[in-house]
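Visitor:
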Amino acid sequence: MKSLERDLRAVRATGRKLLVPYFMGGLTNDWIEHVEAAVLAGADAVEIGIPFSDPMMDGPVIQEADLRSLTFGTTLDSICDDLSRLDAAVPLIAMTYYNIVLHYGLERAAGKLADSDIHGAIIPDLPLEETGPWIAACDGADVASVLLVAPSTPPERVDQLAARTQGFAYASARMAVTGQSAGGGDGERVVASIRRTSDVPALIGIGIATPNQAKEAAEVSDGVIVGSALVQVILDGGGSSEVEALIMGFRSAIDS
Amino acid sequence: MKSLERDLRAVRATGRKLLVPYFMGGLTNDWIEHVEAAVLAGADAVEIGIPFSDPMMDGPVIQEADLRSLTFGTTLDSICDDLSRLDAAVPLIAMTYYNIVLHYGLERAAGKLADSDIHGAIIPDLPLEETGPWIAACDGADVASVLLVAPSTPPERVDQLAARTQGFAYASARMAVTGQSAGGGDGERVVASIRRTSDVPALIGIGIATPNQAKEAAEVSDGVIVGSALVQVILDGGGSSEVEALIMGFRSAIDS
Amino acid sequence: MSDPVLYMEEPDERGRFGEFGGRFVPEALIPACLELEAAFIDAWSDAAFIEEYRTVLREFAGRPTPVTPLLRLGEHLGLRIFAKREDLAHTGSHKINNVIGQTLLTKRMGKRRVIAETGAGQHGVATATAAARLGLECTVFMGEVDTERQILNVFRMELLGSRVVPVTSGSRTLKDAVNEAMRDWVTCVADTHYCIGSVMGPHPFPWIVREFQSIIGQEASRQLADFGVDVPDVVIACVGGGSNAAGIFAGFANTSSRLVGIEAAGGSAVGNGSPGVLHGMRSLLMQDEFGQIEEAHSISAGLDYPGIGPEHAHLAQIRRAEYYAIGDEDVIGALRLLSEKEGIIPALETAHAVAWMIREAGGALPTGSTVLLNLSGRGDKDVAQVQAILHAES
Amino acid sequence: MSDPVLYMEEPDERGRFGEFGGRFVPEALIPACLELEAAFIDAWSDAAFIEEYRTVLREFAGRPTPVTPLLRLGEHLGLRIFAKREDLAHTGSHKINNVIGQTLLTKRMGKRRVIAETGAGQHGVATATAAARLGLECTVFMGEVDTERQILNVFRMELLGSRVVPVTSGSRTLKDAVNEAMRDWVTCVADTHYCIGSVMGPHPFPWIVREFQSIIGQEASRQLADFGVDVPDVVIACVGGGSNAAGIFAGFANTSSRLVGIEAAGGSAVGNGSPGVLHGMRSLLMQDEFGQIEEAHSISAGLDYPGIGPEHAHLAQIRRAEYYAIGDEDVIGALRLLSEKEGIIPALETAHAVAWMIREAGGALPTGSTVLLNLSGRGDKDVAQVQAILHAES
Ligand SMILES: Cc1ncc(COP(=O)(O)O)c(C=O)c1O
Ligand SMILES: Cc1ncc(COP(=O)(O)O)c(C=O)c1O
């Protein structure tokens, strides 16, 4: 078992629902402080986007964040460098597209992530069939390869995904890209389908835009991932205090 | 023999070369005076254009005259009315397109022309094969149906045209429309081909733009028709005195 | 028993279809018309020429064009509709059939240059195309108004190596372009063939052009048989000069099919015209009480002509064919309906025929009729104009 | 004796052509890709489906398109040139072959809506056309920059009843339109088929599109035989995503013909690219040292794509096909030469292939070679652009 899964299971064991915010690496000069603020406000783990020119699975908000960050020259390396300044003790999970790690070299990328205390990675354009080489690379380092399960995934496939995912299972609440339509959607059903065969932590993401939606989703899962709602605040110029306030709102809704 | 041919033969018999200027009927208010001025200056006969919207055989100058005259409401009838004011004793020859007389009624048109002292008609879009009904109508009145002979007309056809033309034979000097290119061109050859079988008066037209050209053409024929050069003067605002001067120039060149 | 009357046969020796047709041109052009007539008669009975003509149509122009069943439109209108797809011919309309024939004749006559008139530019582009293929010099006369309206077609002709001459006389549109082409022809007839764009002009043009277009009707008749249709109830085509209509009618003139030609209301020589002589032919013309030719006005440049081919005047007179008019206001809706139902954006010219079909479905076109529509051209050339019209309306 | 190696066969079960291809899509789309693969395999072995596909191509799209001998250009270049005339297919390019196949599959899968990406608008217009014909709802994604450049194609799609969505993300061109179409597909996959416009995207698309386009090569091979050509020395096609090239190569992959694909210099995935993953496929891509995809830049919108279909990447790697690049500066001259010599104005995309032929005649194309050129589309869509370029130069 990879450290990410151990860590998340440990939190779950306390009865606490996991709150995982998403930040686009390099989006602002002070993005590391945003992460720290989120952790301070109650985040249990943080997803860190490594920007890609063609973020096919992302809606307008995260697309804009990708492109804006790229204009600042952000790379996998620059993000890892920045993270050396991070002062926070929660698990970090990278989120990027396959071409980025492929180009970096799969083993080299996994090693670099692990060296930077990033112990999980979500690659949304890697479905089960294509994920082998990346999982192999991740297995050479302590990086959990997190797989997604979609509302459209048929049962046998859910079983396979649940068996192969590492760290946690990412349950898409909707047939949608990030930030597109809001609400818990099919999250409950997807989590239930994972649960049939696996007790890996199962987090609901995609479309969790308000504390109330997060609360509902957390009730039927092990926690939630909050992406576009948060990135929008930063794109609009929000700083650490806005991040903190937002995360606190989600935290208290989930915990109530 | 129609009166037009008799009249032209009579002039020819005196050794004089025929000078036939062309005027667009109704082109100006005082067009009748232009005709009178031309006669005073030595014209032996006058061609009078009845305007048509689509003067296929005419170059830009006479086209413009057609269209300008039409904007003044000129019709066959209005031209005949105007001619009742004409005080001149030379033969008049109408020049128009077939649709004008067809629409008026062939017999009615021929009768109307004769009544207005117009004893000849040139219809350039009526070749030999199509001219029958019009010749029949002309034969019912004293109107000579003048046929054209072109440089491209083959010998047998020249013979037929020479035999059937009335009043005179119109020898096209060029493969061109009126006013297009200047000079005597093939006029001599066309006249000679007519002469092989006929002694009908043969006038050269199309491309006679200067007194010198007229002189050369007249030397090999019975005379010349002057169109665009004259119409241009009137389009440019010239009045009777300009007409008179121009015709006198042609007259003296021809006679010299 | 007497022979049955046959329609759309050869004109008489004076080039007449009944009382229409003939050869009303200056003497200077008579030899060229006679030469052309002789060359055509000779070529058209020469198996090698016919083979060459058909080969070029097949290998270069994309013939046979298909017949497409218009199922969704047919269901919508309660008709069984088949479309003959001249829009798929090279350069986008039936015009190419004629110019391929005429340019091959030009070569055969030993001439090195062709001239043509054009309105919207379809016939001009087609002529420029066929001329380029054979290495003939080509000059196209186009009313100045049209060169401005159809700037891209002007450029297209230039790309094909042709010279485009803007005609500044008269109304500066199609009719004046014909006049100007005739004038050029008089001047250059020794080495130049005038490639007329429709079944009009002096004999033998209306006949030649009809013969070169009759491949449309021949193909369609054969193709309909493959759909189990022996003879369609009605054959419909739009009519400018009348070449696409003549071409498709030729395949059905001696069957029981009704033949229907659709003119633009503003260029309706049958509906609003009277007999007269223009551009070398006796036909039905829009003219005033003095015999002055009127300007046609239509949303569609290809129907913007005050006359009609003489054979159509004859077919109308003897009632073998029917002619109706469609106003500008019905044309855009018809273009849209065909586009949406069938995925075919027709030329505005063609849309007139579609509009009549829409208007008369269940009326003059009884429900259940089998209809053959000549889809004479594609609408790409018209899309900008249609957009401007719809934009102005909204 | 071992079996000979066969080229352009089915991809392996993971959708790979050699090391390229695959299915790099979100889990959410996997069921749709599997459904499509199953539906295609089923349909493609169903004689009734194949018959329907071929019937629509014949009756609606104008197939077979002819092969035209380009005699004057051939003489000029010292080559024996034949052109496969996809410009004569309905909507003006080979794109229609693919969309007819895919829309029929859409119906077969019981879906009621299609979406498509488009650059210049050719694939969008083709998809809108096929959708109209079948009564499918259609949405086309088009980069905002392209909707402005190609306003008439946008209108054309709207006339055909489609909705055009301007894509405002990224470089607002073709690559972003693909991203956006993928996003829509994720959302609406239950009732929507994504009709991809070239041999790209996740398995099974590159295979399906190649199969639907292989009619080009099949026809051409048969047609060349009629000209007494057994196997051409060289087969040339332009390459954007690579569908027209794949379609014609398919007919000659297992002969001795050289296969030559011509990319735009500014979109040269083989010449300037490296392996990577984009739009669901592993292929050659133009990308920077960090794996960020570069924007392609070409005079021709249809070649303005930073990738290439995976099968082409494979054919390049195993050297069964050769790929070269042509810069913008050579394209207009090639378009003009073909227009003037043959009366065919090609699409700017196609003009790249012509330009290479002109450049290499007597060089990489030895004098006397028999060349089959895929004339993938007509230039009407490009005439305004060419005019603007020539005008700016003069
Ligand atoms: C598509 C199309 N249809 C019809 C016509 C009308 O000509 P015709 O009546 O000679 O077929 C034109 C003329 O330009 C045309 O382009
Ligand atoms: C005429 C034409 N040729 C070629 C292409 C390039 O696409 P592909 O490489 O898929 O054939 C396009 C794309 O729009 C096109 O319109």
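Protein chains in written order, with the numbering used here: chain C, 155 to 410; chain L, 155 to 410; chain F, 3 to 396; chain X, 3 to 396.
All C-beta atoms, glycine included, are put in the ideal place defined by N, C-alpha and C.
1) Relative to ligand 2, is the shortest distance from any of its heavy atoms to the C-beta of X:C197 smaller than 7 Å?
2) Can you tell me whether X:K97 sits near ligand 2, meaning its C-beta is under 7 Å from at least one heavy atom of the ligand?
3) Show which residues of chain F have a CB atom less than 9 Å away from the CB atom of L:I254.
4) Where does X:Q289 fall in DSSP's three states?
5) Assign F:I52 to buried or exposed, taking buried as 16 or more other Cβ atoms, counted over all protein chains shown, within 10 Å of its Cβ.
6) Rounded to whole angstroms, what's the CA-CA distance from X:E344 to F:R135? Just pull it up for me.
7) Can you check which of these residues, C:P205, C:A317, C:A327, is closest to C:T351 by C-alpha distance?
8) On the DSSP bridge list, what partners appear for F:R82?
9) For F:S95, does the count of other Cβ atoms within 10 angstroms reach 16, so buried, or fall short, so exposed?
10) Do X:I400 and F:R158 have their CB atoms nearer than 8 Å?
11) For X:S173 and X:D148, what's the separation of their Cα atoms in angstroms?
12) Have a look at the DSSP bridge pairing and note the partners of X:R87.
13) Is it the case that the CB of X:N246 approaches a heavy atom of ligand 2 more closely than 7 Å?
14) Among the candidates F:P368, F:G370, F:G379, whose CA atom is the shortest distance from the CA of F:A355?
15) Quick check: F:N100 and F:Q215, are their CB atoms within less than 8 Å of each other?
16) I'd like to check one pair, L:L172 with L:P355: are the Cβ atoms closer than 8 Å?
17) Where do the N-terminal and C-terminal ends of the alpha helix (DSSP H) with F:C35 fall, by residue?
18) Does X:D273 get closer than 8 Å to chain C when you measure Cβ to Cβ?
19) Which residues of chain F have a Cβ atom closer than 9 Å to the Cβ of L:D208, listed in chain order?
20) Within a Cβ cutoff of 6 Å, which residues of the same chain sit near X:V156, ignoring the five residues on either side of it in sequence?
21) So that I know if they touch, is there some Cβ in chain F lying closer than 8 Å to that of L:D340?
22) So, F:T70 versus F:A91, is the Cβ gap smaller than 8 Å?
23) Counting only runs that start and end within the stretch 170 to 255 of chain F, where is the beta strand (DSSP E) found for 3 or more residues in a row?
24) Beta-carbon within less than 6 Å of X:L72's beta-carbon, same chain only, minus the 5 sequence neighbours each way: which residues are those?
25) Name, please, each residue of chain C whose Cβ falls closer than 7 Å to the Cβ of X:Q319.
26) At a threshold of 7 Å, does X:H205 count as lining ligand 2 (C-beta to nearest heavy atom)?
27) Output needed for X:P13: all residues of its chain with C-beta closer than 7 Å, excluding positions within five of it in sequence on either side, in chain order.
28) My parser needs the beta strand (DSSP E) runs of 3 or more residues fully inside the stretch 315 to 365 of chain C; what are they?
29) Measure from the C-beta of C:P214 to each C-beta in chain X and report whether the shortest distance is under 8 Å.
30) Is C:S299 helix, strand or coil by DSSP?
31) Mind checking the stretch 333 to 344 of chain X against chain F and listing, in chain order, the residues whose C-beta falls within less than 9 Å of any C-beta there?
32) Where are the alpha helix (DSSP H) runs, 4 residues long or more, that stay fully inside the stretch 307 to 354 of chain F, in chain order?
33) How about F:L261 and F:A271: are their beta carbons less than 8 Å apart?
34) Who are the near neighbours of L:G196 in its chain, counting only those whose CB is closer than 7 Å to its CB and skipping five residues on each side?
35) Looking at ligand 1, does it come within less than 7 Å of F:E351, judged from the CB to the closest heavy atom?
36) With a threshold of 8 Å between beta carbons, is F:F22 in contact with chain L?
Guide: Inspection of the coordinates gives the following:
1) no
2) yes
3) F292, G293, Q294
4) strand
5) exposed
6) 4 Å
7) C:A317
8) F:T372
9) buried
10) Residue coverage of chain X in this structure runs from 3 to 396, which leaves residue 400 of chain X outside it and unanswerable.
11) 10 Å
12) X:L377
13) yes
14) F:G379
15) yes
16) yes
17) 32 to 46
18) For the sequence presented, residue 273 of chain X should be read as Gly rather than Asp. Cβ-Cβ to chain C under 8 Å: no for X:G273.
19) G172, K177, D178, V180, N181, L280, H281, Q294, I295
20) T149, V166
21) no
22) no
23) 194 to 196, 236 to 240
24) I83, A85, E344
25) None at all; the shortest Cβ gap to chain C is about 17 Å.
26) no
27) F19, G23, H205, W209
28) 323 to 326, 356 to 359
29) yes
30) strand
31) L337, R338, S341, E342, K343, E344
32) 312 to 319, 333 to 344
33) no
34) L173, I401, M402, R405
35) yes
36) no
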